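**Student:** Structure incoming, see below.
In my numbering, the protein residues as written are 347 to 463.
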């Protein structure tokens with residue numbers, strides 16, 4: 347799903363008008379709030395296998411939306427047999443507070459603007 351459609355679906359879910367997306371789980375205890383980024387887009391922009399080169403850009407996006415104290419952790423989801431579906435999972439937090447659906451949408455819009463969505 348492209349970021350634009352994902353952001354629209356997230357907004358519908360947050361407003362209670364759409365089917366649940368993974369953002370719905372953000373309100374459940376002990377479930378991380380994740381922002382998935384397709385590895386194929388990172389490979390296109392930074393070169394194959396160089397997802398770590400995007401780290402400063404991604405942290406900058408998180409801090410621009412959530413504040414300078416925000417941090418994020420990264421994980422890779424490569425469980426799917428088809429590499430097209432492999433993703434970098436970004437978990438943004440400000441202290442112990444996870445990103446809100448609105449903050450995730452703002453980050454997704456910034457990712458779209460730089461070609462990562």
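The beta-carbon is built from N, C-alpha and C at its ideal position, and this holds for glycine as well. Keep in mind the model is a prediction, meaning the values are calculated, not measured.
(1) Thinking just about the alpha-carbon of each residue, which of 423, 421, 412, 457 is nearest to the one in residue 442?
(2) Could you check the C-alpha separation between residue 429 and residue 416 for me, to the nearest Å?
(3) With 16 as the cutoff for other CB atoms within 10 Å, does residue 456 come out buried or exposed?
(4) Do the CB positions of residue 436 and residue 391 come within less than 8 Å of each other?
(5) Going along the chain, which residues of its own chain have a beta-carbon closer than 8 Å to the beta-carbon of residue 389, five neighbours each way excluded?
(6) What number of angstroms, rounded off, separates the C-alpha of residue 459 from the C-alpha of residue 407?
(7) Here's a check: name, in chain order, each residue in its chain whose Cβ is nearer than 6 Å to the Cβ of residue 448, leaving out the five neighbours to either side.
(8) Among the residues of its own chain, which have a CB less than 8 Å from the CB of residue 418, if the five just before and after it don't count?
(9) How about residue 310 and residue 432: are their beta carbons less than 8 Å apart?
(10) Please list, in chain order, all residues of the same chain as residue 382 whose beta carbon is under 6 Å from its beta carbon, the five residues on each side excluded.
(11) According to the neighbour-count rule (16 or more other Cβ atoms, all chains shown, within 10 Å of its Cβ), is residue 454 buried or exposed?
(12) How should residue 400 be labelled, buried or exposed, when 16 other C-beta atoms within 10 angstroms of its C-beta is the threshold for buried?
**Tutor:** A quick look at the data gives this:
(1) In the chain shown, counting from the first residue as 1, residue 442 sits at position 96. Minimum Cα distance to residue 442 is reached at 412.
(2) The residue labelled residue 429 in the question sits at position 83 within the chain shown. The residue labelled residue 416 in the question sits at position 70 within the chain shown. Distance between the alpha carbons of residue 429 and residue 416: 30 Å.
(3) Indexing the chain shown from 1 puts residue 456 at position 110. The residue is buried, with at least 16 neighbouring Cβ atoms inside 10 Å.
(4) Your numbering for residue 436 matches position 90 in the chain shown. Your numbering for residue 391 matches position 45 in the chain shown. Taking 8 Å as the Cβ cut-off, residue 436 and residue 391 do not qualify as a contacting pair.
(5) Against the chain shown, residue 389 aligns to sequence position 43. Excluding positions up to five away in sequence, the list reads 395, 396, 397.
(6) In the chain shown, counting from the first residue as 1, residue 459 sits at position 113. In the chain shown, counting from the first residue as 1, residue 407 sits at position 61. Per the coordinates, the alpha-carbon of residue 459 lies some 11 Å from the alpha-carbon of residue 407.
(7) Translated into the one-based positions of the chain shown, residue 448 becomes position 102. If we look at residue 448 and ignore the five residues flanking it on each side, it has no Cβ neighbours.
(8) Locating residue 418 in the chain shown gives position 72, counting from the first residue. Correct list, in chain order: 404, 405, 408, 436, 437, 438, 439.
(9) Since the displayed the chain opens at 347 and closes at 463, residue 310 lies outside it and no answer follows.
(10) Here residue 382 is taken as the residue at index 36 of the chain shown, counted from 1. Cβ neighbours of residue 382 beyond the five flanking positions: 433, 435.
(11) By 1-based counting over the chain shown, the position of residue 454 is 108. Flag for residue 454 reads buried.
(12) For the purposes of this step, residue 400 is taken as residue 54 along the chain shown, with counting starting at 1. Under this definition residue 400 is a buried residue.
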